[in-house]
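Report on the structure given below.
Protein chains: 2
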Amino acid sequence: MNKSINLAVLGLGTVGTGVVSLLKDNTNELARRSGHIINITHVGTRRHRDDIDSNIKQSADLLAIAEADDVDIVIEVIGGTDVAKDVIMHAIRHKKHVVTANKALLAKHGNEIFALAEEYGVQVRYEAAVAGGIPIIKIIREALAANKIDWLAGIINGTGNFIMTEMQTKNRKFGDVLAEAQALGYAEADPTFDVEGIDAAHKLSLLASIAFGIPIQFDKVYCEGITKVSLQDVVYAKELGYSIKHLGFAIRRENGFELRVHPTLIPDSTLLANVNGVKNAVMVDAHPLGQSLYYGDGAGAGATASAVMADVMDLIYVITAATPSDVPHLAFVPEELSDTRILSSDEMTSGYYLRLTVKDELGVLADTTRILSDNGINIDAILQRDAHKSGLVPIIILTFPVLEKQMNEAIKQIERLNAVTEPVVRIRLESLEE
Amino acid sequence: MNKSINLAVLGLGTVGTGVVSLLKDNTNELARRSGHIINITHVGTRRHRDDIDSNIKQSADLLAIAEADDVDIVIEVIGGTDVAKDVIMHAIRHKKHVVTANKALLAKHGNEIFALAEEYGVQVRYEAAVAGGIPIIKIIREALAANKIDWLAGIINGTGNFIMTEMQTKNRKFGDVLAEAQALGYAEADPTFDVEGIDAAHKLSLLASIAFGIPIQFDKVYCEGITKVSLQDVVYAKELGYSIKHLGFAIRRENGFELRVHPTLIPDSTLLANVNGVKNAVMVDAHPLGQSLYYGDGAGAGATASAVMADVMDLIYVITAATPSDVPHLAFVPEELSDTRILSSDEMTSGYYLRLTVKDELGVLADTTRILSDNGINIDAILQRDAHKSGLVPIIILTFPVLEKQMNEAIKQIERLNAVTEPVVRIRLESLEE
Numbered sequence: 001m002n003k004s005i006n007l008a009v010l011g012l013g014t015v016g017t018g019v020v021s022l023l024k025d026n027t028n029e030l031a032r033r034s035g036h037i038i039n040i041t042h043v044g045t046r047r048h049r050d051d052i053d054s055n056i057k058q059s060a061d062l063l064a065i066a067e068a069d070d071v072d073i074v075i076e077v078i079g080g081t082d083v084a085k086d087v088i089m090h091a092i093r094h095k096k097h098v099v100t101a102n103k104a105l106l107a108k109h110g111n112e113i114f115a116l117a118e119e120y121g122v123q124v125r126y127e128a129a130v131a132g133g134i135p136i137i138k139i140i141r142e143a144l145a146a147n148k149i150d151w152l153a154g155i156i157n158g159t160g161n162f163i164m165t166e167m168q169t170k171n172r173k174f175g176d177v178l179a180e181a182q183a184l185g186y187a188e189a190d191p192t193f194d195v196e197g198i199d200a201a202h203k204l205s206l207l208a209s210i211a212f213g214i215p216i217q218f219d220k221v222y223c224e225g226i227t228k229v230s231l232q233d234v235v236y237a238k239e240l241g242y243s244i245k246h247l248g249f250a251i252r253r254e255n256g257f258e259l260r261v262h263p264t265l266i267p268d269s270t271l272l273a274n275v276n277g278v279k280n281a282v283m284v285d286a287h288p289l290g291q292s293l294y295y296g297d298g299a300g301a302g303a304t305a306s307a308v309m310a311d312v313m314d315l316i317y318v319i320t321a322a323t324p325s326d327v328p329h330l331a332f333v334p335e336e337l338s339d340t341r342i343l344s345s346d347e348m349t350s351g352y353y354l355r356l357t358v359k360d361e362l363g364v365l366a367d368t369t370r371i372l373s374d375n376g377i378n379i380d381a382i383l384q385r386d387a388h389k390s391g392l393v394p395i396i397i398l399t400f401p402v403l404e405k406q407m408n409e410a411i412k413q414i415e416r417l418n419a420v421t422e423p424v425v426r427i428r429l430e431s432l433e434e
Numbered sequence: 001m002n003k004s005i006n007l008a009v010l011g012l013g014t015v016g017t018g019v020v021s022l023l024k025d026n027t028n029e030l031a032r033r034s035g036h037i038i039n040i041t042h043v044g045t046r047r048h049r050d051d052i053d054s055n056i057k058q059s060a061d062l063l064a065i066a067e068a069d070d071v072d073i074v075i076e077v078i079g080g081t082d083v084a085k086d087v088i089m090h091a092i093r094h095k096k097h098v099v100t101a102n103k104a105l106l107a108k109h110g111n112e113i114f115a116l117a118e119e120y121g122v123q124v125r126y127e128a129a130v131a132g133g134i135p136i137i138k139i140i141r142e143a144l145a146a147n148k149i150d151w152l153a154g155i156i157n158g159t160g161n162f163i164m165t166e167m168q169t170k171n172r173k174f175g176d177v178l179a180e181a182q183a184l185g186y187a188e189a190d191p192t193f194d195v196e197g198i199d200a201a202h203k204l205s206l207l208a209s210i211a212f213g214i215p216i217q218f219d220k221v222y223c224e225g226i227t228k229v230s231l232q233d234v235v236y237a238k239e240l241g242y243s244i245k246h247l248g249f250a251i252r253r254e255n256g257f258e259l260r261v262h263p264t265l266i267p268d269s270t271l272l273a274n275v276n277g278v279k280n281a282v283m284v285d286a287h288p289l290g291q292s293l294y295y296g297d298g299a300g301a302g303a304t305a306s307a308v309m310a311d312v313m314d315l316i317y318v319i320t321a322a323t324p325s326d327v328p329h330l331a332f333v334p335e336e337l338s339d340t341r342i343l344s345s346d347e348m349t350s351g352y353y354l355r356l357t358v359k360d361e362l363g364v365l366a367d368t369t370r371i372l373s374d375n376g377i378n379i380d381a382i383l384q385r386d387a388h389k390s391g392l393v394p395i396i397i398l399t400f401p402v403l404e405k406q407m408n409e410a411i412k413q414i415e416r417l418n419a420v421t422e423p424v425v426r427i428r429l430e431s432l433e434e
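In order, the protein sequence lines correspond to chains G and Z.
For the record, in the first sequence the residue sitting at position 67 is 67 according to the UniProt record's numbering, with numbers rising by one throughout.
For the record, in the second sequence the residue sitting at position 434 is 434 according to the UniProt record's numbering, with numbers rising by one throughout.
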């Protein structure tokens, strides 16, 4: 054992407590793998905690901890974007390496934080920020480093996937499942970040950056949540052999990159369609590797602590080298980050599930297919059901991929038909083929 | 761009040619990610190849290439265990880093090779040796480094999985599918390594070493291939809700480690049961992470080249650091490798699928269940079919996990029953639960 590595854990919520437990549970494995002794010297906590070992210093003064001499690595797990940012910037300026699980912070301020870290010659690691225990940051930054990544698609919000799974497998309604998720602690009292797709968009902006070598551009992610997915669409999709999942996509196109987060129909036969409950998974399509998929727990104390400590283990190799040399923060060397533009939603391409509600009139299907055809849209499947008592009939249409602009125009024309009584429901569809 | 990194590619078969192509296709991405220029300066090939750039030196003298001044990293993709070993040892003695895809070599001589590399202060990387394009070595060595790994289970032979998938989904017989696999190039003319489980056992011995911190012990892996899996067992398993897959298991037990490779019934609802064709996947159960799964192409030029070049990209960070510091070869520091023993097959625990062929006599089921019960074996399910024209009846029994020694004893007693006319067919069964 050459050296003691000293950690400060800032924040003793679920994740911080998980890190403390992990160090206690796996002391032996950590020492056997790293060849060093890893200690927590400080924890940052607002109120004194009696369950923390007495040789660990406790304090609410996070800035003081972040610059303490007996700290090599600062672990930021307080969350939020204000104090967390100040503490991380302070730690960097005091030449401390940083590990954070804070996706909201990095999605917003990551470019600035990484630039400061490069200036001061330290590393900011963030494996836990995306997909919890799935080592997707390391995989894309390092394991797939020789590939040109064409696209990635991920179930990267566990709460959303839990809700979609329950709707799909038990025919339950959105509101009911959300209430249960809140009772189970899967969803926050204010579920906006999860159900509106914002959390997934934070993570997608990080994945896209390291996959393509572009700055983090959260504000350019097209973001749609799951609040508007109705049970009847889930059921119709199932009849057609599809699952509706909330997915994040980062796609390389000829003219730019598509970054989008939204409910999506995917074929039941794909592995992603079989990722259920609070689990996360990310599929990557790369050249020359082909398709690969990574699956695991997206949240929770254990998974997140595992990711945080994997970053710590990596940093030990950086710390113990006389001249640190490491993977660039955003996978590509900073001066090589590309300014290739992010496409607007009009310019994005995908297949579509459309649900029309029509008066049971002859000719409406013919009119609809003509409008689609006139707008260059090819139909993959049509499902027509019996009329409701009201006399209204649902028509379900699956299309092949099309530019969103064309679809917008077609839908505008379809909604002008007299027989079409309600706005057209549309959900994107992806085959996930190579 | 700080530096040129010079590679020698020894062997221009499928993988070597894949590496050369990758460097040409992804020059720009490689430079953008690494910040350096990566060149192939030498290729080792028996006959001159006109399709190789003229600025790359070609030679059949592998030892001379392995020590050449303009080589930083030697990539060994010739295969086999004789010449490959000599070349790698020679390269190490000349202080070259090595990347190899050679699982057979490492399974046999890995301990010796890694010890020499440590003596000379160089790295031998082997991501491509296990599960092709799936970065499972990096994941276990680095991403899961803070976990205590309880078990792993993997589909780590693509040929075997292709054969099992075809049997399962198309009710085809082993021999027919093998012939097709050979015609498609998925299986070698001599398919022994694939169908007898040896290739999977090579890979499992490497995975077990880095998961548990034990030396590579290929000779202690219990190894059973797929040649004896009959179509009727595949069909009965399906009726009971199970798929038969050829899996490798490394399991931590109280009294040692189980290392085994064999056909296995696993529930259809698991992700591993849905890994089809030549794809590979590895599931890991670790504390505190929980279960995670990694899926992708297990072989082929693209996947293997991707893994080889990921190792090269990692080594660039080692080469460009003034004082290299890196992850230990076998994930744990050498002096921490444990001598915990590997359990004999008698001491292993698993559930079982048993198929008895019996004369249609009253009392035989009662006798059988009594024998199982007397040997402490609990029954999970029984499936009894109508008698064949011959008057013989198959009885299928699924058991809960039991020590193999007890099962051996029970089977011996069952086979002594007069009504039991043929040897009992047995296939292990794993629920893959946490």
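Beta carbons: idealized from backbone N, C-alpha and C, even for Gly.
Q) Looking at the structure shown, is L417 (chain Z) part of a helix, part of a strand, or coil, going by DSSP? A) coil
Q) The beta strand (DSSP E) with E258 (chain Z) in it runs from where to where? A) 256 to 267
(Q) Spatial neighbours of L381 (chain G) within its chain, please: C-beta separation below 7 Å, excluding the five flanking residues on both sides. (A) The amino acid at residue 381 (chain G) is misidentified as Leu; the sequence shows Ala. Correct list, in chain order: L240, L398.
Q. To the nearest angstrom, how far is it from the Cα of V358 (chain Z) to the Cα of E409 (chain Z)?
A. 19 Å
**Q.** Alpha carbon of E76 (chain Z) to alpha carbon of A84 (chain Z), nearest angstrom
**A.** CA-CA distance, E76 (chain Z) to A84 (chain Z), rounds to 7 Å.
Q. Identify the residues that DSSP records as bridge partners of M313 (chain G): which are they?
A. Here M313 (chain G) is not bridged, per DSSP, to any residue.
(Q) Which residue wins for smallest C-alpha separation from S344 (chain G), given the options G:S209, G:D199, G:A250, G:A115? (A) Nearest in C-alpha terms to S344 (chain G), of all of G:S209, G:D199, G:A250, G:A115, is G:A250.
Q: Could you please tell me which residues of the segment 264 to 280 of chain Z, in chain order, have their CB closer than 7 Å to any CB of chain G?
A: L271, N274
Q) Assuming residue 435 (chain G) and Y352 (chain G) make a contact with CB atoms under 8 Å, what is their CB distance in whole Å? A) Coverage of chain G is limited to positions 1 through 434, which leaves residue 435 (chain G) absent and any answer about it impossible.
Q. Listing by chain order, which chain Z residues have their CB less than 7 Å from the CB of D233 (chain G)?
A. In chain order: nothing, as chain Z lies at least about 25 Å away.
Q: Give, in chain order, every unbroken run of the beta strand (DSSP E) that is at least 3 residues long and sits entirely within the segment 340 to 377 of chain G.
A: 349 to 359
Q. If you drop the 5 nearest sequence neighbours on each side, which residues of the same chain put their C-beta closer than 6 Å to that of V195 (chain G)?
A. G225, I226, T227
Q) Does Y186 (chain G) come within less than 7 Å of chain Z when only Cβ atoms are used? A) Judged by the 7 Å Cβ criterion, Y186 (chain G) is not in contact with chain Z.
Q) Residues in the segment 280 to 300 of chain Z with C-beta within 9 Å of chain G's C-beta atoms, listed in sequence order? A) A281, M283, V284, A286, H287, P288, L289, G290, Q291, S292, L293, Y294, Y295, G296, D297, G300
Q) Going along the chain, which residues of its own chain have a beta-carbon closer than 7 Å to the beta-carbon of E422 (chain G), five neighbours each way excluded? A) T357
Q. The segment 113 to 146 of chain G: which residues have C-beta closer than 8 Å to a C-beta of chain Z, in chain order?
A. Of all residues in the segment 113 to 146 of chain G, the ones placed with a Cβ closer than 8 Å to any Cβ belonging to chain Z are E127, G133, I134, P135, K138, I139, E142, A143, L144, A145, A146, in chain order.
Q: May I ask you to verify whether the segment 247 to 262 of chain G touches the segment 214 to 223 of chain G, counting CB pairs closer than 8 Å and requiring at least 3?
A: yes
Q.
Does the structure place the segment 63 to 77 of chain Z close enough to the segment 98 to 105 of chain Z that three or more beta carbon pairs sit under 8 Å?
A. yes
Q) Is the shortest distance between the beta-carbon of A8 (chain Z) and the beta-carbons of chain G less than 7 Å? A) It does not; no Cβ of chain G falls within 7 Å.
Q) At least one CB of chain Z closer than 7 Å to the CB of R32 (chain G): is that the case? A) yes
Q) Taking the continuous alpha helix (DSSP H) assigned at S431 (chain Z), which residues delimit it? A) Segment: none, S431 (chain Z) is in no alpha helix (DSSP H) and carries neither H nor E.
(Q) Given this structure, state the Cα-to-Cα distance separating N161 (chain Z) from Y295 (chain Z), to the nearest angstrom. (A) 13 Å
**Q.** Contact between the segment 198 to 217 of chain G and the segment 106 to 117 of chain G (3+ Cβ pairs under 8 Å)
**A.** yes
(Q) By the three-class DSSP mapping on this structure, what secondary structure does N55 (chain G) have? (A) coil
Q | Cβ-Cβ distance between I139 (chain G) and L330 (chain G) below 7 Å | A | No, Cβ-Cβ distance for I139 (chain G) and L330 (chain G) is not below 7 Å.
Q) Smallest Cα separation from S292 (chain G): which of Z:G35, Z:A131, Z:V87, Z:D70? A) Z:A131
Q.
Rounding to the nearest angstrom, what Cα-Cα distance links M1 (chain G) and N157 (chain Z) in this structure?
A. For M1 (chain G), the predicted structure reports a pLDDT of 47, less than 50, and the residue's modelled location is therefore unreliable. A value from the coordinates is still provided. Taking the straight line from one Cα to the other gives about 38 Å.
Q | Distance between A281 (chain Z) and I266 (chain Z) (C-alpha atoms, nearest Å) | A | 14 Å
Q.
Is it the case that the segment 116 to 132 of chain G contacts the segment 304 to 322 of chain G, given that we only count it when at least three CB pairs across the two stretches are under 8 Å?
A. yes
Q. Which bits of chain G does E336 (chain Z) rub up against, with CB to CB less than 7 Å?
A. R32
Q | Cβ pair I319 (chain Z), D72 (chain Z) closer than 7 Å | A | yes
Q. For E430 (chain G), which residues from the same chain have a beta carbon less than 8 Å from its beta carbon, with the 5 sequence-adjacent residues on both sides left out?
A. The residues are A153, L247, F249, T264, L265, I266, S350, G351.
Q: With F114 (chain G) as the anchor, note down where its alpha helix (DSSP H) starts and where it stops.
A: 103 to 120
Q) Among residues of its own chain, excluding the 5 on either side of P135 (chain G), which ones have a beta-carbon nearer than 8 Å to its beta-carbon? A) Correct list, in chain order: E127, Y294, A307, A310.
Q) Quick one: does G175 (chain G) have its CB under 7 Å from some CB of chain Z? A) no
Q | S4 (chain G): first and last residue of the uninterrupted beta strand (DSSP E) it sits in | A | 4 to 10
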